[in-house]
Amino acid sequence: MSCDQTYPLPQVFLVDAGGGQQCPDQPPSLVPCWSHLPAQGGADRRRRSPGGTGLGSCKALVVLMLFLLVFAALGFQAYQIYKMQRELRQKQIGERKHTWVNNAGGDADGAGRSGPPLRDDEDRPAAHVIGRVEKESFPTVLRWESQVGQAYTSGGVSYQFEDGALRVNQTGIYHVYTRVELVFKGCSSTSSFQHSVSVRREGQLSPLTLMRAHRAGFCPQLPARSWTTESYLASALKLHAHDRVYVEVSHPTLLSHQHYTNFFGLYKI
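Be aware that the sequence shown starts at 1, since it is given in full-length UniProt numbering, and climbs by one per residue.
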């Protein structure tokens, strides 16, 4: 049996049960149709499906956002720690200043009065000198040790050994303090002494007294007993550039030989 060969598309043959070929009664459709889709074509479409690509992009975006949140939290915590450390440091400095000021008129052994409060600025005009043990001469204008133990000078303040003075190089308000301790071996009801702070200023012929204390009546009732007493002076004073501040005591031979019991200092407020 012959079939029509005039169709340009591939021909479709029908095979009967006997194995013979039959020509279709109607011309074949232009597009063949299968009852089942090819397995390979379906797999290709699944690989090229736009839904799968979008799901991967969403996952990557979520992971990126999680990383950003973690880094932001770490940065915020680091800033909070830095802020707390700075506030704690400022609070400690303020407490030290407050403690030193409150102890300015404290107990007799001079605890808490050894020097000016701490400050971050090392160029601040300040000085703290301690008692010098005299063996030959005992001048009423006291001499000090400026480079022993906790003694120091800074910010342009200098110690003048020739007259026992602290010389300032800036005009301003200064906190000036001094303490002396005397040991009376034959203390009586008439025992007394004076303790003063004075300044030598350019243009003035005579020194200017800044502070003075007169101590009396500190001995016990029993006569001829040894007795230790002290005097502490402190005040906020205006000093001029090149002023020389010094300390006097009326009985220098009775001064205690302990370095930390006698001291003198100042610092600019």
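All C-beta atoms in this analysis are idealised placements derived from N, C-alpha and C, irrespective of residue type, glycine included. Just so it is clear, the structure is predicted and the values come from calculations on it, not from any experiment.
Which class does residue i belong to by DSSP, given the choice of helix, strand or coil?
{"i": "residue 160", "result": "strand"}
{"i": "residue 261", "result": "helix"}
{"i": "residue 190", "result": "coil"}
{"i": "residue 130", "result": "strand"}
{"i": "residue 184", "result": "strand"}
{"i": "residue 154", "result": "strand"}
{"i": "residue 119", "result": "Below a pLDDT of 50, predicted positions are generally treated as unreliable, and residue 119, at 48, falls in that range; no measurement from the model is reported."}
{"i": "residue 86", "result": "helix"}
{"i": "residue 57", "result": "helix"}
{"i": "residue 166", "result": "strand"}
{"i": "residue 66", "result": "helix"}
{"i": "residue 74", "result": "helix"}
{"i": "residue 254", "result": "helix"}
{"i": "residue 135", "result": "coil"}
{"i": "residue 80", "result": "helix"}
{"i": "residue 147", "result": "coil"}
With a Cβ-Cβ cutoff of 9 Å, do residue i and residue j count as a contact?
{"i": "residue 214", "j": "residue 169", "result": "no"}
{"i": "residue 245", "j": "residue 199", "result": "yes"}
{"i": "residue 68", "j": "residue 173", "result": "no"}
{"i": "residue 264", "j": "residue 227", "result": "no"}
{"i": "residue 153", "j": "residue 239", "result": "no"}
{"i": "residue 196", "j": "residue 219", "result": "no"}
{"i": "residue 283", "j": "residue 235", "result": "Within the shown structure, residues of the chain are numbered from 1 to 269, placing residue 283 beyond reach of any answer."}
Starting from residue i, follow its DSSP beta bridges and name the residues at the other end.
{"i": "residue 232", "result": "179"}
{"i": "residue 213", "result": "195"}
{"i": "residue 248", "result": "141, 196"}
{"i": "residue 238", "result": "173"}
{"i": "residue 225", "result": "187"}
{"i": "residue 266", "result": "127, 176"}
{"i": "residue 208", "result": "199"}
Between residue i and residue j, how many whole angstroms is the CB-CB distance? I'm expecting something under 8 Å.
{"i": "residue 167", "j": "residue 176", "result": "About 13 Å; that fails the 8 Å criterion."}
{"i": "residue 193", "j": "residue 249", "result": "7 Å"}
{"i": "residue 163", "j": "residue 141", "result": "7 Å"}
Using a Cβ-Cβ distance cut-off of 9 Å, determine whether residue i contacts chain D.
{"i": "residue 151", "result": "The question asks about chain D, but that chain is absent: this structure has only one protein chain."}
Inset, instruction - Could you tell me whether the region 202-219 touches the region 253-262, where touching means 3 or more Cβ pairs closer than 8 Å? - result: No, the region 202-219 is not in contact with the region 253-262.
Legend entry - Segment contact flag, the region 261-268 with the region 126-133, C-beta cutoff 8 Å, min 3 pairs: Segments in contact, yes.
Legend entry - Stretch pair the region 230-239 + the region 175-186: three plus CB contacts closer than 8 Å: Touching, yes, given that three or more Cβ pairs across the two stretches are closer than 8 Å.
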